[in-house]
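First residue of the first sequence: 32, per this note's numbering; consecutive thereafter.
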Amino acid sequence: MPELPEVETVCRGLAKSMTGEKLASVETLRHNLRIPFPADLKTIAGATVKNISRRAKYIRIELDNKKTLIIHLGMSGRLVIQKKSEQGDPEKHDHMILNLKNGTRIVFNDARRFGMVDLANTSELEQHKFFSHLGPEPFDKKFSAKYLAEKLRNKKIAIKLAIMDQELVVGVGNIYASEALFRAGIDPQRAAHKIRPDEISELIASIRAVLKQAIKAGGSSLRDYVQTDGELGYFQDKWAVYGKHHQPCKSCICDIDKTGGIQKITQGARSTFYCPRKQN
DNA sequence: AGTGTCGCCTGAATGC
DNA sequence: TGCATTCAGGCGACAC
Numbered sequence: 032m033p034e035l036p037e038v039e040t041v042c043r044g045l046a047k048s049m050t051g052e053k054l055a056s057v058e059t060l061r062h063n064l065r066i067p068f069p070a071d072l073k074t075i076a077g078a079t080v081k082n083i084s085r086r087a088k089y090i091r092i093e094l095d096n097k098k099t100l101i102i103h104l105g106m107s108g109r110l111v112i113q114k115k116s117e118q119g120d121p122e123k124h125d126h127m128i129l130n131l132k133n134g135t136r137i138v139f140n141d142a143r144r145f146g147m148v149d150l151a152n153t154s155e156l157e158q159h160k161f162f163s164h165l166g167p168e169p170f171d172k173k174f175s176a177k178y179l180a181e182k183l184r185n186k187k188i189a190i191k192l193a194i195m196d197q198e199l200v201v202g203v204g205n206i207y208a209s210e211a212l213f214r215a216g217i218d219p220q221r222a223a224h225k226i227r228p229d230e231i232s233e234l235i236a237s238i239r240a241v242l243k244q245a246i247k248a249g250g251s252s253l254r255d256y257v258q259t260d261g262e263l264g265y266f267q268d269k270w271a272v273y274g275k276h277h278q279p280c281k282s283c284i285c286d287i288d289k290t291g292g293i294q295k296i297t298q299g300a301r302s303t304f305y306c307p308r309k310q311n
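In structure tokens:
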């Protein structure tokens, strides 16, 4: 499940292989993923890649024909870059192949097919349905304490659900929401509008810190990811609470047999992990 | 407008 | 062993 740090790293890998290169052809091996492949997808053949960027968890491949190819990896999507010598028959769940004129190809493999591909006019990109309603990037100055306080003011939903709302801020998925709230010492179940100003500042710092740490870890371990078999290393050993129910949290002094350690609860049909003793 | 629920999809993990 | 069930989750659609 690629999250913001992984998508960032994939973009850098793609940029290295694709920028300035000409697309020879596009193949699709089925008609849709989560949404249908765009009807005009094949019109990008012959175009040259100008630039590659990330917005939220979307990959944007800008072409020199005024079009931008948009890719979302969903839950299980992978982009595998194959040099000529590495190419064979399509594997299970390969759905789209971008053939570069230089012989390299980029294969989109997605077992669960939650991924999405679309083609948009570059000049209208920010108005595209994928992007028009997105909040600020977490590292953007616009994601300030003042901004977040205003956004949370009328929200009665749990703070964890609030920070996962992409209209509020992009890039905080289920894993990093739990991690950031642990780091900030905030109970994920508290109503969003009851988070105090000092906690809001701490929360912003915590979101940035966990994402930054993941990007740093991903930068090294995901370098191979784009180029070889696509296995996500993930950073389980870096997680403080995610997936660690019944285990002690960081610098835990509890008697785990008595307290049960890290708790797993459900919020909005998603798993949340937290320490009731460190998060209030 | 804010909130809660559902469906998409397959493979891994678990249950019987 | 093998079959059935549950769970995982980003995102949009939809109901209230």
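For each residue, glycine too, the CB sits at the ideal point set by N, CA and C.
Ignoring anything shorter than 4 residues, give me the alpha helix (DSSP H) runs that lie fully in the region 142-205, in order along the chain.
If we require 4 residues or more, the alpha helix (DSSP H) runs fully inside the region 142-205 come out as 176-183 and 190-194.
So, at 8 angstroms on beta carbons, what are the nonlocal neighbours of ILE217 in its own chain, with the 5 sequence-adjacent residues on each side left out?
Start at 1 with the first residue of the first sequence, and residue 217 comes out as number 186. So the list reads ILE190, ILE226, GLU230, GLU233, LEU234, GLN310 and ASN311, once near-sequence residues are dropped.
Taking the alpha-carbon of THR79 as reference, which of ILE102, ALA55 and GLN294 has the nearest alpha-carbon?
Against the first sequence, residue 79 aligns to sequence position 48. Looking at the Cα atoms, ALA55 is the closest of the given residues.
Buried or exposed: where does MET106 fall if 16 or more other Cβ atoms within 10 Å of its Cβ makes it buried?
Translated into positions along the first sequence, residue 106 becomes position 75. MET106 should be labelled exposed.
How would you call GLU210, buried or exposed, if buried means at least 16 neighbouring beta carbons within 10 angstroms?
Mapped onto the first sequence, residue 210 falls at position 179. Looking at its Cβ environment, which holds 16 or more other Cβ atoms inside 10 Å, GLU210 is buried.
Is the region 272-289 close to the region 165-180, with three or more CB pairs under 8 angstroms?
These segments do not touch.
Can you find the residues in the same chain that come closer than 8 angstroms, C-beta to C-beta, to LYS173, ignoring five residues on each side of it along the sequence?
Along the first sequence, read from residue 1 onward, the residue named residue 173 stands at position 142. Excluding sequence neighbours, LYS173 sits near PRO167.
Give the DSSP-derived three-state secondary structure of PHE213 in the structure shown.
Numbered from 1 along the first sequence, position 182 holds the residue referred to as residue 213. Reduced to three states, the DSSP call for PHE213 is helix.
Going by Cα to Cα distance, which pick from SER154, ILE112, GLU198 and LEU64 is closest to ASN96?
Here residue 96 refers to the residue found at position 65 of the first sequence. Closest option to ASN96, Cα to Cα, is SER154.
Note down the Cα distance separating GLU39 from ALA142, rounded to an integer number of angstroms.
Mapped onto the first sequence, residue 39 falls at position 8. Mapped onto the first sequence, residue 142 falls at position 111. Straight-line Cα distance between these residues: approximately 21 angstroms.
Going by C-alpha to C-alpha distance, which of LYS186, ILE238 and ASP149 sits closest to ALA208?
Position 177 of the first sequence, counting from 1, holds the residue named residue 208. The candidate whose alpha carbon is nearest that of ALA208 is ILE238.
Give me whichever residues DSSP pairs with LEU100 in a beta bridge.
Walking along the first sequence from the start, residue 100 turns up at place 69. For LEU100, which the question treats as bridged, DSSP gives the partners ILE92 and LEU150.
Taking the C-alpha atoms as reference points, what is the distance between ILE112 and ILE137?
As a first step, residue 112 must be located in the first sequence, where it is residue number 81. As a first step, residue 137 must be located in the first sequence, where it is residue number 106. Taking the straight line joining both Cα atoms gives about 5 angstroms.
Could you tell me the distance, in whole angstroms, from the CA atom of MET127 to the CA atom of LEU100?
In the first sequence, the residue the question calls residue 127 occupies position 96. In the first sequence, the residue the question calls residue 100 occupies position 69. Going by the C-alpha atoms only, they are around 12 angstroms apart.
Sorted by chain position, which residues of the same chain lie with C-beta nearer than 6 angstroms to GLY261's C-beta, five sequence neighbours on each side aside?
Within the first sequence, numbered from 1, the residue matching residue 261 stands at position 230. Confidence is the limiting factor: at GLY261 the pLDDT is only 39, short of 50, which leaves the residue's position unreliable, though a coordinate-based value still follows. Contacts found: ARG109 and VAL111.
Give me the residue from GLN244, ARG86 and ASN205 with the minimum Cα distance to ALA300.
Stepping through the first sequence from its first residue, residue 300 is reached at position 269. Cα-wise, what sits closest to ALA300 is ASN205.
Is the distance from the Cβ of ALA46 to the Cβ of GLN197 below 9 angstroms?
Taking the first residue of the first sequence as position 1, residue 46 is located at position 15. Taking the first residue of the first sequence as position 1, residue 197 is located at position 166. No, these two residues do not count as a Cβ contact at 9 angstroms.
Residues in its own chain within less than 6 angstroms of TYR256 by CB, not counting five upstream and five downstream?
Counting from one through the first sequence, the residue named residue 256 turns up at place 225. Reliability of the predicted coordinates at TYR256 is poor, the pLDDT of 43 falling under 50, and the value obtained from them is presented with this limitation in mind. Cβ within range, chain order: n/a, list empty.
Please report the residue range of the beta strand (DSSP E) in which GLY108 lies.
Position 77 of the first sequence, counted from the first residue, corresponds to residue 108. Segment 108-113, the beta strand (DSSP E) holding GLY108.
Between the C-alpha atoms of SER163 and ALA215, what's the straight-line distance to the nearest angstrom?
As a first step, residue 163 is located in the first sequence; it is residue number 132 there, counting from the start. As a first step, residue 215 is located in the first sequence; it is residue number 184 there, counting from the start. Roughly 30 angstroms between the two C-alpha positions.
Considering just the uninterrupted stretch of the beta strand (DSSP E) at ARG85, what are its terminal residues?
Working through the first sequence from its first residue, we reach residue 85 at position 54. Residues 80-86.
Verify whether the separation of the beta carbon atoms of LEU150 and PRO69 is less than 9 angstroms.
The residue labelled residue 150 in the question sits at position 119 within the first sequence. The residue labelled residue 69 in the question sits at position 38 within the first sequence. Yes, they are a contact pair.
Determine the DSSP secondary structure at VAL38, reduced to helix, strand or coil.
Reading the first sequence from its first residue, position 7 is the one you call residue 38. Here VAL38 sits in helix by DSSP.
Pull up the distance between the alpha-carbon of PHE139 and that of ASP125, whole angstroms please.
Here residue 139 refers to the residue found at position 108 when the first sequence is read from its first residue. Here residue 125 refers to the residue found at position 94 when the first sequence is read from its first residue. Spanning the two alpha carbons is a distance of roughly 6 angstroms.
Taking the alpha-carbon positions, what's the THR297 to ILE188 distance?
Position 266 of the first sequence, counted from the start, is the residue given in the question as residue 297. Position 157 of the first sequence, counted from the start, is the residue given in the question as residue 188. Rounded to whole angstroms, THR297 to ILE188 spans 14 angstroms at the Cα level.
Return yes when the Cβ of HIS277 is within less than 9 angstroms of the Cβ of ILE284, no when it is not.
In the first sequence, counting from the first residue as 1, residue 284 sits at position 253. In the first sequence, counting from the first residue as 1, residue 277 sits at position 246. In this structure, HIS277 does not lie closer than 9 angstroms to ILE284 by Cβ.
What first and last residue would you give for the beta strand (DSSP E) that runs through THR297?
In the first sequence, residue 297 corresponds to position 266, counting from 1. Segment 294-298, the beta strand (DSSP E) holding THR297.
Which residue's Cα is closest to the Cα of THR59: MET147, LEU199 and SER282?
Walking along the first sequence from the start, residue 59 turns up at place 28. Residue MET147 is the option with its Cα nearest to THR59.
Once you ignore the five residues that flank LEU156 on each side, which residues in its own chain have a CB closer than 6 angstroms to its CB?
Looking up residue 156 in the first sequence gives position 125. Same-chain partners within the cutoff: THR99.
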